[in-house]
Structure formats: structure tokens, C-alpha cells
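Note that the sequence shown covers residues 284 to 710 in my numbering.
The C-beta atom is built at its ideal place from N, Cα and C for all residues, glycine as well.
This report refers to the structure that appears directly beneath it.
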Amino acid sequence: MRARLTLLVAATTVLVLLAFLVPLAVLVRQVAQDRALGRADDVVQSIVPLAATGDVGALRLTVEAQTVPVTVFLPDGTVLGTPAAPTPAVLLAAAEHGSLTVTTTAGQELVVPVVGATGATVVIRTLVTDAELTRGVTRAWATLAGLGVTLVLLGLFVADRLARTIIRPITELSAVSHRLAGAELTARADPAGPPELREVAGALNHLAGRIQDLLAAERERVADLSHRLRTPLTALRLEAESLRDPDESARVAAAADQLARAVTAVIQQTRRADSPTAATAAAAAAAGCDATAVVAARVAFWAVLAEDTGRALHQELPSGPAPVAVAADDLAAALDALLGNVFAHTPDGTALSVRLAAHPGGGASLTVADEGPGFPAAFPTARGTSGGDSTGLGLDIARQIATTFETSPPGAGGASIHLTLPGTPPT
């Protein structure tokens, strides 16, 4: 925008200067020509009275004393002053007794016939050369050109200062908007510049404050809701302890403990006053776990439900650890979401499989597949959108931990979801 404003002022200044300087340059040249021709005409007119008297001696002295080259052609063929041959203009003036101004290759030729006392015609001729006609024009044009360039540069300087005054508040508004987009909700714009920009800055500050208030209220609501879950979780843990089967009691208690940890993590996250810093984000990205151990534990948990519903559960796991750059809780939550979708959206007795393959360079691939009807043709992909009377968050939870997320085509027999888990960064 700054360059465009400067260019606009430059173009306007140049057009104004052209409209002013071009006619002025033409006028300067015309004035110089008129001045040279007027000076020559004055010299000729000063000789005319002597030519009319016929006093050749006085006429000779007067002609030779002139600074302008003047030639006088007498009736007897004598030439006084600057030597020159009779030109067609001289002959025509002598024949028709009329003054002439003729343009030649050498310049402007002035010819004035004078009828002497004896009735014979004396012709006075002077030549104004092109150099005389344009004397001072080049210097005047150079002065005008210098003046034009100076005015253009001055206009550009003023336009640049003005553009900077206008652009600076816009640049600050852009910087503040980028900071807000980067979750720095404390960023505020300094109202400056024209009234319109000050109004925009005020609106942006109001928007930032409103977003901050809404996020704070949302964190409080989520934290309150999560905190309310502690009471039923406590009751669930007590119910698990009252079970007669020790294995069943341990399994339910472990599930309750995991759910409690998840609730606690939600509360801690929503209570965080500000957004994660770069160091916190880097630490979260570097968090990792053994995917083999996590997947094996979650498959063992879901195996009991699979057995109760008559489902054949097949698992393929690496023989050793498979380190991935995903937190254990996040990987467990993603796998639980995928397996929960299988149990929720396929009939009892549908077989399913979980495959985990470690990558040689780090990371792993996780595939959850079933032999059910597959994904519907209108398969929802947006977060919070569901076609099966659910929250629509399961697939998005799994998508967030993976570098690539692929699903089988809608309408195909059976459904499968393939996740590529990132590897832990080298230390």
C-alpha cells in the first residue's frame, strides 16, 4: 500500500508538471524567437531612414557599426555591410516593394525594401540564425527540467512520509491480529492514525477481550463439569471394590482410575490461565510412550467386552517396544475411541482386529479394522458431526495424535482406520 500511494502521488505530480512545464517550455522558445526577431527588426528599422535619404556614406558607416549582420543592396548593385548574394527573397522584395520574413535552412531572413529619393529601391536584409533564435532556450529548459525533477522528488518524499504515517497503524493492527491468531490473547492494538483505523483498532481490542472472556468462561464450565464427574467415579471405584471376583474388581477399578486420571488432566488443562508457551508445546511434542505396551493393555481391556458380545478380536503387536512421540494417555484415548466406535456401530459377533507395526526409522503404524458393514456413503468427517447418534469426536481424537489418518472408502465391506504415529525425536 505504501508503494501504491507513493506511485499514485508520483504519477499525479508528473502529470501536473507535464501540463504546466510543456506549455511553458514552448512559450520560452517562442519568446526567445520573438526577442531575436524583434532585435533584428529594430536594427533594420534604424537603417531605413538613412536608406531613404540616399546618403551612401552615412549608410555604410551605420551598417558596419551594427552588431547584427546586415546587408544593404543598392539599386546599382553595390552591397554594403555583410557580404551576401541577392536571395530570392531580396529579389522578390525589390520587385514587389513588400517586406518579407522567410524561413531558410540557416534561420529567419528579414527583408525590407526602401524606396529612395530617386525612386530606386534599396533592399535591407538581415539573417537571424537558429543559434540566435534559440539562445538561452536550452538553459531555460534545463532549469525547468531541474525544477520538475525537484518537485517530483519532493512530492515522493512527502508521499512516502504520508504513506508511512498511514501504513504504520495498519502494520501494527496486522501484527496484533497475528498475535491473537497465535493464541496471545493479551495482545492489544494502540489506536492511532486516521479515525477509521482508530475505530478498527478499538473493535479489534474489543474482539480480543470478548474472546478472552468467552474462553475463560468455557474453561470454567469444562472444569466444573469435569469436577462433577469425580463423585460418580468415586462411587464406581467403591462398586468395583465390592465385586466378588478379584480379577473383575481389579479390571473395573483400573478403568475407573484411568477415567479419573483423564478427568484430572482435563481439569488441569482447562484451569491453565494462558496458552501453552513454546517450551510447553515442545515438551508436549517430545512426550512419548511404548506403543506396544499401551496397545496391548487397551486390547486386553476391550477383550473382555469382545468376548461377552461374541466378537473375535485379533491382535498383531511387535515383539519388542515401539517408541512413539505420543503420550500414553493420548494413545490410549485414541485407541479406546476407535474400538468404542466398532462396538457401538457394528452388531454383536462382528470380528475386529488391531495391528501395530513399528517403523525402522521410528514411529509406528496402528490399524483398527472390523468386518462390519463399513462406513456409510455420507460419512461425516467434521469434528462434532456424527451420523450414528454419538458425539462425533472419536475419529478427531485419533486424528490429532497421528501424522497421517486414513480410512477405508465408504460403502466398502468392512471398515478400517490407519494411523501413522510419529517417532520420538533423537536425543
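Residue closest to residue i, alpha-carbon to alpha-carbon, out of the options
| i | options | result |
| --- | --- | --- |
| Gly632 | Asp653, Ala647, Ala376 and Phe688 | Asp653 |
| Ala608 | Val326, Trp424, His489 and Gln683 | Gln683 |
| Thr547 | Asp530, Leu508, Leu521 and Cys572 | Leu508 |
| Leu600 | Arg444, Ala586 and Ser648 | Ser648 |
| Val637 | Val406, Ala627 and Ile700 | Ile700 |
| Ala641 | Thr296, Thr575, Val505 and Asp613 | Thr575 |
| Val397 | Pro366, Gly465, Arg418 and Val327 | Val327 |
| Thr421 | Val651, Gln313 and Thr687 | Gln313 |
| Ala466 | Ala377, Ala634, Thr361 and Gln495 | Gln495 |
| Leu588 | Thr295, Phe626 and Ala425 | Phe626 |
| Val346 | Ala634, Leu357 and Thr365 | Thr365 |
| Pro634 | Gly657, Arg418 and Gly438 | Rather than Pro, the amino acid found at residue 634 in this sequence is Ala. Residue Gly657 is the option with its Cα nearest to Ala634. |
| Pro477 | Thr433, Gly645, Ala518 and Leu445 | Leu445 |
| Thr517 | Arg534, Asp530, Leu463 and Leu542 | Leu542 |
| Asp359 | Val406, Val395, Ala376 and Leu383 | Val406 |
| Leu519 | Asp528, Ser532 and Arg527 | Ser532 |
Host alpha helix (DSSP H) of residue i (start-end)
| i | result |
| --- | --- |
| Asp591 | Ala574 to Asp591 |
| Val314 | Arg285 to Thr336 |
| His461 | Val420 to Ala464 |
| Gly623 | Ala611 to His628 |
| Pro396 | No alpha helix (DSSP H) contains Pro396, which is instead part of the beta strand (DSSP E) from Gly390 to Val398. |
| Val373 | Pro371 to Glu379 |
| Glu599 | Unbroken run through Glu599 is the beta strand (DSSP E), Leu596 to Glu599; no alpha helix (DSSP H). |
Cβ pair residue i, residue j closer than 7 Å
| i | j | result |
| --- | --- | --- |
| Leu639 | Val578 | yes |
| Leu333 | Ala341 | yes |
| Val355 | Leu363 | yes |
| Arg581 | Ala605 | no |
| Ala499 | Ala523 | no |
| Leu430 | Ala319 | no |
| Leu427 | Ala308 | yes |
| Arg408 | Val373 | yes |
| Val459 | Ala442 | no |
| Leu480 | Pro452 | yes |
| Ala423 | Val305 | no |
| Thr448 | Gly571 | no |
| Ala285 | Ile450 | Strictly speaking, residue 285 in this sequence is Arg, with Ala absent from that position. The answer is yes: Cβ separation under 7 Å. |
C-alpha distance - residue i paired with residue j, whole-angstrom precision
| i | j | result |
| --- | --- | --- |
| Leu704 | Gly696 | 26 Å |
| Ala545 | Asp679 | 17 Å |
| Glu455 | Val299 | 34 Å |
| Leu393 | Thr350 | 16 Å |
| Ala414 | Ala389 | 9 Å |
| Pro693 | Ala486 | 45 Å |
| Gly593 | Pro630 | 10 Å |
| Val297 | Ala368 | 50 Å |
| Ala536 | Ala583 | 15 Å |
| Glu503 | Leu497 | 10 Å |
| Asp573 | Ala617 | 15 Å |
| Leu521 | Pro659 | 41 Å |
| Thr404 | Leu357 | 7 Å |
| Ser783 | Arg534 | No answer is possible for residue 783: it lies beyond the span of the chain, which begins at 284 and ends at 710. |
| Glu482 | Gly492 | 15 Å |
| Arg462 | Ala472 | 10 Å |
| Leu383 | Asp338 | 24 Å |
Neighbour-count burial assignment, residue i, 16 or more Cβ in a 10 Å radius
| i | result |
| --- | --- |
| Asp619 | buried |
| Phe440 | exposed |
| His628 | buried |
| Gln316 | buried |
| Gly381 | exposed |
| Thr370 | buried |
| Pro559 | Its pLDDT being 45, under 50, Pro559 is placed unreliably in this model, and the value from its coordinates should be taken loosely. Exposed. |
| Gly402 | exposed |
| Leu410 | buried |
Opening and closing residue of the beta strand (DSSP E) in which residue i lies
| i | result |
| --- | --- |
| Glu347 | Where Glu347 is concerned, there is no enclosing beta strand (DSSP E), although the alpha helix (DSSP H) it sits in stretches over Val339 to Glu347. |
| Leu363 | Val362 to Gly364 |
| Glu689 | Thr687 to Thr690 |
| Leu702 | Ala698 to Leu704 |
| Asp653 | Ala647 to Asp653 |
| Ala640 | Leu635 to Ala641 |
| Leu410 | Thr404 to Thr412 |
| Leu383 | Leu383 to Thr386 |
| Phe356 | Val353 to Phe356 |
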